[in-house]
Amino acid sequence: MTEKRPTIVVVDDSATSISLYQFSIDPLAINFMGFKSPDEAMPYLQEHTPDLLFLDIIMPGMDGLTFLRRLRTQENQKNTLVIMVTSKDYAQDRYIAKQLGALDFVIKPLRFKEIRDLVCKYVDITPPTKTEATNK
1 MTEKRPTIVV VDDSATSISL YQFSIDPLAI NFMGFKSPDE AMPYLQEHTP DLLFLDIIMP
61 GMDGLTFLRR LRTQENQKNT LVIMVTSKDY AQDRYIAKQL GALDFVIKPL RFKEIRDLVC
121 KYVDITPPTK TEATNK
């Protein structure tokens with residue numbers, strides 16, 4: 001029997017940020033999906049429920065909070081674990097994110113270890129040992 005690998009989804013308009021997430025969780029046994037806009041992510045999220053979603057707030061077009069509000073209307077996304085990510089720490093954004101059921105709220109710039117720690121905290125996965133992380 002094969003064990004189901006958790007899926008992490010990132011929606012962020014920065015290709016550099018998406019790469020940072022991908023490299024940060026590379027040592028973990030996780031499926032990764034990165035999308036540069038809510039419009040790109042929506043078709044995937046209508047069909048799939050990730051184990052954890054990192055969602056940037058400040059994006060051109062639809063911002064992350066509006067996207068989360070729309071996402072929560074979908075039956076398969078009502079309980080998805082969401083971490084909001086932003087470069088601006090506004091109290092009203094934290095309030096809205098909490099009202100929409102966001103699990104956590106983190107400020108950019110994120111670091112490799114911080115991303116990996118968040119994933120290990122919220123997803124049922126064991127962090128790699130230092131040797132495993134170094135060898136990857």
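Quick note on the UniProt record's numbering: the sequence shown kicks off at 1 and runs consecutively.
Don't be surprised by glycine CBs; every beta carbon is placed ideally from N, CA and C.
**Report entry** Nearest-angstrom Cα separation, counted from residue 122 out to residue 30
**Finding:** 13 Å
Query raised in the report: Does the beta-carbon distance from residue 49 to residue 73 come in below 8 Å?
Result: no
Query raised in the report: Run through DSSP, which three-state label would residue 104 get?
Result: strand
Requested in this report: Kindly provide the ranges of any beta strand (DSSP E) runs that are 3 or more residues long and lie completely inside the UniProt domain "Response regulatory" (7-123), ordered along the chain.
Outcome: 7-11, 31-35, 52-56, 82-86, 104-107
Requested in this report: In angstroms with no decimal places, state the Cα-to-Cα distance between residue 19 and residue 53.
Outcome: 15 Å
Query raised in the report: Would you say residue 103 and residue 82 are within 8 Å of each other, going by their C-beta atoms?
Result: yes
Report task. Rounded to whole angstroms, what's the CA-CA distance from residue 77 to residue 28? Just pull it up for me. Result -> 24 Å
Report task. Classify residue 17 as buried or exposed, calling it buried when 16 or more other Cβ atoms lie within 10 Å of its own Cβ. Result -> buried
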